[in-house]
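K.L.:
Handing you this structure, nothing more for now.
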Amino acid sequence: AQGEVPELVLVNPPRRGIGKPLCDYLSTMAPRFIIYSSCNAQTMAKDVRELPGYRIERVQLFDMFPHTAHYEVLTLLVKQ
13 AQGEVPELVL
23 VNPPRRGIGK
33 PLCDYLSTMA
43 PRFIIYSSCN
53 AQTMAKDVRE
63 LPGYRIERVQ
73 LFDMFPHTAH
83 YEVLTLLVKQ
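Just so you know, we're using the working numbering here: the sequence shown kicks off at 13 and counts up by one.
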């Protein structure tokens, strides 16, 4: 229903990350959990710093592309 906040939001952005505008929106929306799937740990770290009030609960690296430098990182963020 309109105005309800989801308990969980999943983001899977391109390499550039979700950016400050979406970080601000998610912080305002304040879901209990955010799952952030990323192929670029540097932009993910930058975005996570833009999500005040969330803590990293768990991080898992996936080697989706063996014998390459490419990977996926799945991070569970929990509202504090």
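For each residue, glycine too, the CB sits at the ideal point set by N, CA and C.
All of these numbers come straight from a predicted model, not from anything done at the bench.
1) Taking all protein chains shown into account, decide if residue 38 is buried (16 or more other Cβ within 10 angstroms of its Cβ) or exposed.
2) Indicate whether residue 86 and residue 77 have their beta-carbon atoms separated by less than 9 Å.
3) Can you name the start and end residues of the alpha helix (DSSP H) that residue 63 belongs to?
4) Pop quiz: residue 70 and residue 88 are said to be a contact at Cβ under 8 Å. What is the actual Cβ separation, rounded to whole angstroms?
5) Tell me which same chain residues have a C-beta within less than 6 Å of the C-beta of residue 44, skipping the five on either side of it?
6) Return yes when the Cβ of residue 51 is within less than 9 Å of the Cβ of residue 84, no when it is not.
7) Can you tell me whether residue 63 is buried or exposed? The criterion is at least 16 other CB atoms within 10 Å of its CB, across all chains shown.
P.N.:
Reading off the structure:
1) Burial of residue 38 is indicated by the presence of at least 16 other C-beta atoms within 10 angstroms of its C-beta.
2) In this structure, residue 77 does not lie closer than 9 Å to residue 86 by Cβ.
3) From DSSP, residue 63 is part of no alpha helix (DSSP H); its letter is neither H nor E.
4) Correct: roughly 4 Å between the Cβ atoms.
5) So the qualifying residues of the chain are 19 and 91.
6) Their beta carbons are under 9 Å apart, which means residue 84 touches residue 51 by this criterion.
7) With 16 or more other Cβ atoms within 10 Å, it is buried.
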